[in-house]
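For what it's worth, this note's numbering labels the leading residue of the sequence shown as 1, then goes sequentially.
Single-structure report; data block below.
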Amino acid sequence: IDDLDADSLDTVELVMALEEEFGIDIPDDASEKITTVQSAVDFIRSATG
1 IDDLDADSLD
11 TVELVMALEE
21 EFGIDIPDDA
31 SEKITTVQSA
41 VDFIRSATG
């Protein structure tokens with residue numbers, strides 16, 4: 001996540017944490033598009049309705 005200066009391992013860990021916290025599945029193609037905190041928020045909102 002560019003906003004947080006995260007590397008690829010950090011991003012994987014964050015995606016896993018988001019999946020667990022919100023009970024959602026984030027496909028690989030979607031996780032590659034999560035590059036900012038706002039894009040993560042937008043994805044979570046759309047996935048949780």
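Note that beta-carbon positions come from the ideal geometry of N, C-alpha and C, so glycine has one too.
Residue range of the alpha helix (DSSP H) that includes residue i
i: Ala30; result: 28-31
For residue i, the three-state DSSP class (helix, strand or coil)
i: Gln17; result: Sequence inspection shows Ala at residue 17; the Gln mentioned does not correspond to that position. It is helical.
i: Thr48; result: helix
C-beta contact flag for residue i and residue j at 9 Å
i: Ile26; j: Thr48; result: no
i: Ala6; j: Leu18; result: no
Same chain, Cβ closer than 7 Å to residue i, neighbours up to 5 away in sequence not counted
i: Ser39; result: Lys33
Neighbourhood of residue i by C-beta, 8 Å cutoff - its chain only, sequence neighbours within 5 removed
i: Thr11; result: Ile1, Ser31, Ile34
i: Ile44; result: Leu18, Phe22, Ile24
i: Asp28; result: none
Beta-carbon contacts of residue i that lie in its chain and below 6 Å, excluding the five residues immediately before and after
i: Ser46; result: none
i: Asp3; result: Thr36, Val37
Chain B within 9 Å of residue i, Cβ atoms only
i: Ile26; result: Absent from the structure is chain B; it holds one protein chain and no more.
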